[in-house]
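Below is one structure, written out as structure tokens; the observations come after it.
Protein chains: 6
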Amino acid sequence: MTKILLINPNISDSVSDLIRAEAQRSAAPGTEVEVLTAPFGVAYIETRFEALIGAYAAAQLAAEHHARFDAVVVAAFGDPGLAGLREALPCPVTGLTEAALASACLLGNRFSIVAISQRIRAWYRETVQSYGLEGRLASIRGLDEPLADIGSVQGDQGERLVALAERCVAEDGADVIVLAGAPLAGLARSLKGRLPVPSVDGVSSAVKHAETLAALQPGKARLGSFAPPPVKPNKGLSPAIQALLGRAR
Amino acid sequence: MTKILLINPNISDSVSDLIRAEAQRSAAPGTEVEVLTAPFGVAYIETRFEALIGAYAAAQLAAEHHARFDAVVVAAFGDPGLAGLREALPCPVTGLTEAALASACLLGNRFSIVAISQRIRAWYRETVQSYGLEGRLASIRGLDEPLADIGSVQGDQGERLVALAERCVAEDGADVIVLAGAPLAGLARSLKGRLPVPSVDGVSSAVKHAETLAALQPGKARLGSFAPPPVKPNKGLSPAIQALLGRAR
Amino acid sequence: MTKILLINPNISDSVSDLIRAEAQRSAAPGTEVEVLTAPFGVAYIETRFEALIGAYAAAQLAAEHHARFDAVVVAAFGDPGLAGLREALPCPVTGLTEAALASACLLGNRFSIVAISQRIRAWYRETVQSYGLEGRLASIRGLDEPLADIGSVQGDQGERLVALAERCVAEDGADVIVLAGAPLAGLARSLKGRLPVPSVDGVSSAVKHAETLAALQPGKARLGSFAPPPVKPNKGLSPAIQALLGRAR
Amino acid sequence: MTKILLINPNISDSVSDLIRAEAQRSAAPGTEVEVLTAPFGVAYIETRFEALIGAYAAAQLAAEHHARFDAVVVAAFGDPGLAGLREALPCPVTGLTEAALASACLLGNRFSIVAISQRIRAWYRETVQSYGLEGRLASIRGLDEPLADIGSVQGDQGERLVALAERCVAEDGADVIVLAGAPLAGLARSLKGRLPVPSVDGVSSAVKHAETLAALQPGKARLGSFAPPPVKPNKGLSPAIQALLGRAR
Amino acid sequence: MTKILLINPNISDSVSDLIRAEAQRSAAPGTEVEVLTAPFGVAYIETRFEALIGAYAAAQLAAEHHARFDAVVVAAFGDPGLAGLREALPCPVTGLTEAALASACLLGNRFSIVAISQRIRAWYRETVQSYGLEGRLASIRGLDEPLADIGSVQGDQGERLVALAERCVAEDGADVIVLAGAPLAGLARSLKGRLPVPSVDGVSSAVKHAETLAALQPGKARLGSFAPPPVKPNKGLSPAIQALLGRAR
Amino acid sequence: MTKILLINPNISDSVSDLIRAEAQRSAAPGTEVEVLTAPFGVAYIETRFEALIGAYAAAQLAAEHHARFDAVVVAAFGDPGLAGLREALPCPVTGLTEAALASACLLGNRFSIVAISQRIRAWYRETVQSYGLEGRLASIRGLDEPLADIGSVQGDQGERLVALAERCVAEDGADVIVLAGAPLAGLARSLKGRLPVPSVDGVSSAVKHAETLAALQPGKARLGSFAPPPVKPNKGLSPAIQALLGRAR
């Protein structure tokens, strides 16, 4: 039995429902998934400032709940807090972007990202760059209208998203399409056969890669830059975060 | 039931045995693995010229046997022929390097590769570069003595390999160790707990990622650079390769 | 009169004292500096997880206090939260790393960073990479012993820091030395003439560049990726952060 | 009292007037600026060959006059001769491009350059690359008509320049606009509030950063690649350049 | 007398005729050229899979025939098998892409490639990347219609190819045009004076650079990654390839 | 008959003699070479400031003498003035670094540069970077003692230079050695067989590539960034340079 925690670092329960549904569809027999929603933050993250807030919310939830799980997923594209949690938690951690890009890199050379807004593109591009994968990024295209409802964007904007993906292939040279953002969880599955190249999303990729990491049992860093932070004075932090900070190697 | 074909593009049956054993240990319940050994080529690939031969041997085997499988793995580090087979085959294809690097990238920022010879390092470095991941490569270190027996290098050189890995962490800043090459299949598993950072190998990573790709069903490229090659005149090729070349989108 | 807020995202009052002293020494006539210390967090940041906490603490302080200032400085090397605050605040914002690297780039081609620990180097390297300046980074060298007292590291370890800087020039090809981290605030000044190449630190650089940004009055982004985040539902946030999130362009 | 020499490496007195006016507007109380015009060369630099000439002219003026100044600015975008003068002069030296890019990097992630001609773009792009900042360059856009009068381009082409800047934001993803070239000195100031993102120019940036370098007193290189050139035989050079070449560390 | 072998790794005799004609026009007095056509493979290479086949065919021909020659040229753009043959053969080896890019780099900063199809662009881009020259690649543009006859593409599509080249200069900033692919052999020569920037092709460049390598006599690698592959067991290979594999340093 | 002008941008007649001797040894039958020595400048260039002077001297000589030649070579490593002269002159131009790197790239993947001093390495590294070839640079190693006589460095330091080259192969992974600097002209030839990998020098490479460019007749740029500079007012320049500046396309 593999237990995976997916943390929605945003406050949108409707998006958590989308994440949960796709995670359950993706999970292998014997995998159990649980989704938690951030107790504070914004409806969805489009900017660096919102990501900063989401990272802290994700850290709080991860610190409190990780002990019951074999792997943790930061379930927002952009992966707020992922690198920090990888240091602090004793179990494997991944995020929607990292996982989707890992899938994309196994399916072709260059990938494009289809996203829910124009504004979000800069944050996504910087996330891709932070993973050293800008050389494989063909383009990022986003919807250009305000979203009526973050929970129903797949239905409201489905054809527009398909059209964006087709332009990524025809004009930008994409070999693979990444349908980005938790609000698009499940879209790759429901579009099966519609797109002219392989497509992946973050939630299904993260669940499968979390299962893989749990199965490979690659070990936790005792040295190097992902070992637990050195123990040192702290104050004003939640007991759960304090506990993580006190966990020396 | 997921069926995965692993192709050893070298002629060493003893290495095929190592690949098979680790693939079986790695496979999920419900996954069946089969290993085929190249009918022509060299004992193990260390150079670009040997990789050129191995690529053609891998292509021959893949063309003949792929139809019975859900995914194909090129089971030599350096992934000879992988990108070409990804175009030509209707199912997902991965390789030991690509798969091991995907695992490594999910476990830390920078990885080092521990290899079986000095000479092999240039070919590995170029393989990493071809995946656009040189920014995450901390170092490649290799054994510096001729191998007595390619099938028993793990036993003969185990402690030297551990020492190389420790230097990668201490001196090169590696967050993750990739134990490279089919002859090291299973070593990450048998060293569990010995290394100060997470470690992965190619065979177990390739099996898990092949399972993931089979499960995600991302679709096959009909357009873009991984669509099947355009149909055109050919001659002198095996019937199996001819059949692949005649498979228009 | 230019008023600059420096935010220490750590809880160490002794480090805030060092920051304040060097900021005052650096300030032009007519510049007023104020230093605030994070109400929660750790003693000093060495890791990505600690930076995540520091970013949130910095955001809280900035949200509450920015209105009285012409410019804000995130006063920890690594610049936790800087990019997010640049979006959210109406005034210019910089950080110790960004400012020190800007100075270094005006003084030579390649710079080295001298730091207070081994562990901190990965976080610094990633910070430099996030600014696209890895091509100008000659090396990062750090002290290799645990710090007795973060507030007195300059006195305790001064000669070791000089020796590290000299090796950066002789062995790594550095044209400029960046003395990194708030705990080293003022060291560049007190070492004047000791080092064989120009040296800079983060606090003095940040104060001067903040003065420059206030003087240039380059305008605030109304469009693009540094415009204020789009207004959307939020919950559980401090009134000050809520106010920032409600500030549409 | 800080004294800054700005060297116009071109022969256009009308451009020197623009430089002088903006430098005076930018200078802090207590800063004195002086502008010298090249005695030989071309009207304005658009190409590598013209830059080669301008570099030598700048070197002549710098060699003759630097002794009276605390800092020297090469006052043409493209910074002809800057790196060489940084080695040879005992005081800090900067240039319009270097200084404007330093400002831009403190205001956002990606910048675009708006320039006075199409031809000039290649030289500017290579200048940006030589500073290792191509990863932050969103685009370079230039006017596409011959200039009637280099000294009045701001007035003649003002609206076209604004339109180019707006396209850099909307189409190229620029966070900051650099208004490039000495002939545009002062334009950032006169456009205040017109552009949707922060904008900077080279002259004001260079004056402020020169003041900063004079204030920081970072020291002159005695070792490394910006130490004075090793003393060796020379002939046929002006006495002032001979004096610089004879200045051993 | 310098003897150069050009290997067409495709089965098209009509393309071999084009190669031979341009090679003879390019050869210096005292240079003798010979062109061999692959006994197996496809009509022309557009994809990675076809290149894998062409590489093996080129290796077979090179192994059998190299002994009579002073230099060998892999005469398909994309250079299938080139790096491997450089290890294995005792004489210098080059390829059409490598040689054309070397010429282009001696004529300007950025080059564009004009190609015979859309599909071929991805393979060419990866070839350029494998040479570390993506920073100098302005663009790759290709014909967008199926080719009626690979041997007569110059005549059939001449004006379209000129138009593509002109767009590379006007829109992509190319300083030099590379007319790519053996089917375009001789086009640079017949277009003399038609294009607004210098243009080169692969065959003439390869012949001249092969002459240069033969004249420079730079020596063969006895160490390093281009030394002959270490001798090891092999099976199922042609006698000629076996002989190459048995050639220890 | 092909006539090649080699311009020594330094004042050392003894180095011009070395250049002339190696150029004559390298030239094909029917090629005539002529070497001119700079009338002003320094004994040899090690720094950016000296290169700035050498560039202007090279430009003067090229402007005066180019009309009699089919190709021009800037005969100092570092290629002072090359890019500018390529714009301004009607014939092909190359330089020792550019030409040696072109040769090296045709012989292996990664090259090392062996140089005559420590100081010169920064300038060489920046030259390599300006050609976009840093990805292929294994290392730059230089002699670490002052040179007794620039004209006899090959004899005085021959064994030390060989030892440096061997370390480049063994420790840095070089596939090819570039023996750098006009003072080493001819050394690659006299060391034939001594080094374990192919080696090239700048003078012989430049002569051969100049012959190739003259033979290929690729055309002169009428558009793009290497077209002649736009005609505009100038003053104080030599008649020869004025003539170049007045040469519109």
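So the sequence lines, in the order shown, correspond to chains A, B, C, D, E and F. Take any residue in the first sequence, count from 1 to its spot, add 16: that is its number in the numbering used here. Take any residue in the second sequence, count from 1 to its spot, add 16: that is its number in the numbering used here. Take any residue in the third sequence, count from 1 to its spot, add 16: that is its number in the numbering used here. Take any residue in the fourth sequence, count from 1 to its spot, add 16: that is its number in the numbering used here. Take any residue in the fifth sequence, count from 1 to its spot, add 16: that is its number in the numbering used here. Take any residue in the sixth sequence, count from 1 to its spot, add 16: that is its number in the numbering used here. From the three backbone atoms N, C-alpha and C, an ideal C-beta is built for every residue, glycine too. Nothing here was measured: the structure is a model prediction, and the numbers come from that model.
Check: Whose C-alpha, out of D:Gln258, D:Ala256, D:Ile257, D:Leu232, is nearest the C-alpha of Leu123 (chain C)?; Outcome: D:Leu232
Check: For Asn125 (chain A), go through chain B and note every residue whose CB falls closer than 8 Å to its CB, in chain order.; Outcome: Ala99, Ser241, Phe242
Check: Rounded to whole angstroms, what is the Cα-Cα separation between Gly94 (chain F) and Val144 (chain B)?; Outcome: 31 Å
Check: For chain B, find out if any of its Cβ atoms is closer than 9 Å to the Cβ of Gly174 (chain F); answer yes or no.; Outcome: no
Check: Do you know offhand how far Gly252 (chain E)'s Cα is from Arg183 (chain F)'s?; Outcome: 39 Å
Check: Per DSSP, which residues does Glu48 (chain C) bridge with? Please list them.; Outcome: C:Lys19
Check: What is the DSSP secondary structure of Ser28 (chain D), reduced to helix, strand or coil?; Outcome: coil
Check: Hey, how far is the Cα of Arg238 (chain D) from the Cα of Leu163 (chain F)?; Outcome: 20 Å
Check: With DSSP as the reference, identify every bridge partner of Ser215 (chain D), one or two as the case may be.; Outcome: D:Ile193
Check: Once you ignore the five residues that flank Glu6 (chain D) on each side, which residues in its own chain have a CB closer than 6 Å to its CB?; Outcome: The structure shown has nothing for residue 6 (chain D), since chain D only spans 17 to 265.
Check: Contact criterion: CB-CB distance below 9 Å. Does Arg265 (chain C) meet it with respect to chain B?; Outcome: The predicted position of Arg265 (chain C) is uncertain, since its pLDDT is 43 and thus under 50; a value taken from the coordinates is nonetheless stated next. No, Arg265 (chain C) lies away from the interface with chain B (no Cβ there is under 9 Å from its Cβ).
Check: Pop quiz: Gly209 (chain E) and Leu34 (chain E) are said to be a contact at Cβ under 8 Å. What is the actual Cβ separation, rounded to whole angstroms?; Outcome: Not quite, the Cβ-Cβ distance comes to about 21 Å (not below 8 Å), so this is no contact.
Check: Can you list, in chain order, the residues of its chain whose CB lies under 7 Å from that of Arg265 (chain D), leaving out five sequence neighbours each side?; Outcome: Low confidence applies here, because Arg265 (chain D) scores a pLDDT of 42, under 50, leaving its location unreliable; read the following figure in that light. Excluding positions up to five away in sequence, the list reads Arg238, Ala243, Pro244.
Check: At which residues does the alpha helix (DSSP H) containing Gly111 (chain C) begin and terminate?; Outcome: From DSSP, Gly111 (chain C) is part of no alpha helix (DSSP H) but of the beta strand (DSSP E) over 109-111.
Check: Nearest by alpha-carbon distance to Gln170 (chain B): which of B:Leu149, B:Ala120, B:Ser221, B:Val130 is it?; Outcome: B:Val130
Check: Mapping the DSSP letters down to three states, classify Gly158 (chain C) as helix, strand or coil.; Outcome: strand
Check: Report the residues of the region 65-77 of chain C with a CB closer than 9 Å to any CB of chain B, ordered along the chain.; Outcome: none
Check: Measuring CB to CB, does His82 (chain A) end up less than 9 Å from Pro106 (chain A)?; Outcome: yes
Check: DSSP three-state label for Lys251 (chain E), please.; Outcome: strand
Check: Can you tell me whether Gly197 (chain A) is buried or exposed? The criterion is at least 16 other CB atoms within 10 Å of its CB, across all chains shown.; Outcome: buried
Check: Using only CA atoms, which one of F:Leu229, F:Pro249, F:Ala256, F:Ser206 lies nearest to Pro234 (chain E)?; Outcome: F:Ser206
Check: Check whether the Cβ of Gln233 (chain D) lies closer than 9 Å to any Cβ atom in chain C.; Outcome: yes
Check: Which residues bound the alpha helix (DSSP H) around Ile136 (chain D)?; Outcome: 136-146
Check: Please confirm if the region 46-64 of chain C is in contact with the region 95-103 of chain A, defined as three or more CB-CB distances below 8 Å between the two stretches.; Outcome: yes
Check: Hey, would you say Arg126 (chain C) sits closer than 9 Å to Gly189 (chain C), going by beta carbons?; Outcome: yes
Check: Any contact between the region 151-158 of chain D and the region 72-91 of chain D? By contact I mean 3 or more CB pairs, one from each, below 8 Å.; Outcome: no
Check: Chain B beta carbons: is any one of them nearer than 9 Å to that of Glu114 (chain A)?; Outcome: yes
Check: Quick one: does Val192 (chain A) have its CB under 9 Å from some CB of chain B?; Outcome: yes
Check: At a Cβ threshold of 9 Å, is Gly148 (chain F) touching chain B?; Outcome: no
Check: Can you tell which of F:Ser32, F:Ala201, F:Ala186, F:Val89 has its C-alpha closest to the C-alpha of Leu229 (chain F)?; Outcome: F:Val89
Check: Under 7 Å Cβ-Cβ, which residues of chain D neighbour Pro245 (chain F)?; Outcome: Glu62, Thr63, Phe65, Glu66
Check: Alpha carbon to alpha carbon, what distance is there between Pro96 (chain D) and Leu52 (chain A)?; Outcome: 58 Å
Check: My output table needs one value for Ile61 (chain C): the three-state DSSP class, helix, strand or coil.; Outcome: coil
Check: Determine the closest residue to Ala92 (chain E) out of E:Tyr72, E:Thr113, E:Val109, E:Leu149, with distance taken between C-alpha atoms.; Outcome: E:Thr113
Check: Considering only C-alpha positions, which residue in the set B:Ile193, B:Tyr140, B:Arg176 is nearest to Ser119 (chain B)?; Outcome: B:Ile193
Check: I'd like to know if Gly111 (chain D) contacts chain A, where contact means its C-beta is closer than 9 Å to some C-beta of that chain.; Outcome: no
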